[in-house]
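Numbering (UniProt numbering), first residue to last: 1 to 142. The C-beta atom is built at its ideal place from N, Cα and C for all residues, glycine as well. Below: the structure, in structure tokens.
Listed below in structure tokens is the structure:
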């Protein structure tokens, strides 16, 4: 990103970090640095450029070219964030779909299960049906 050569802040399209152009020399600084420089001079209506020391009037204008570039870079950055989020959502959906498929396959493999067990010392076979609703909280998928 473009930044002020004095304070190294990143330029923005408005506010204190807006790039301002000095008409006489063509150098650009953020609004805050130019205002601080102007206020610290003996004659606030005339101050020196922080870079080349040419005398400048207090009328510095927004550097439209840099502002458009900053705006375009912000839009590209926002677009990259949107694309990354969309990709993350797609990956998450894919993961969850696979996870659900795995859970469903494990549940289908387990339900209902009829098995014979021996209770106590009688060794009499007893039929037990395992319900899938009781298995779901117990499913552990490594």
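Roughly how many angstroms lie between the CA atoms of residue i and residue j, to the nearest whole one?
{"i": "residue 105", "j": "residue 96", "result": "14 Å"}
{"i": "residue 11", "j": "residue 69", "result": "10 Å"}
{"i": "residue 42", "j": "residue 48", "result": "11 Å"}
{"i": "residue 50", "j": "residue 86", "result": "45 Å"}
{"i": "residue 64", "j": "residue 91", "result": "40 Å"}
{"i": "residue 13", "j": "residue 52", "result": "25 Å"}
{"i": "residue 76", "j": "residue 29", "result": "24 Å"}
{"i": "residue 81", "j": "residue 17", "result": "23 Å"}
Is residue i helix, strand or coil when you go by DSSP?
{"i": "residue 3", "result": "strand"}
{"i": "residue 101", "result": "helix"}
{"i": "residue 34", "result": "helix"}
{"i": "residue 41", "result": "coil"}
{"i": "residue 131", "result": "With a pLDDT of 44 at residue 131, under the threshold of 50, the modelled position of this residue cannot be trusted; read the value that follows with caution. Residue 131: coil per DSSP, three-state reduction."}
{"i": "residue 10", "result": "strand"}
Using a Cβ-Cβ cut-off of 9 Å, state whether residue i counts as contacting chain C.
{"i": "residue 30", "result": "No chain C is present in this structure, which holds just one protein chain."}
Is it buried or exposed, residue i, if we count other Cβ atoms within 10 angstroms and call 16 or more buried?
{"i": "residue 60", "result": "buried"}
{"i": "residue 4", "result": "buried"}
{"i": "residue 150", "result": "Examination of residue 150 is not possible in this model, given that the chain is present from 1 through 142 alone."}
State the start and end residues of the unbroken beta strand (DSSP E) segment that holds residue i.
{"i": "residue 30", "result": "28 to 30"}
{"i": "residue 57", "result": "55 to 57"}
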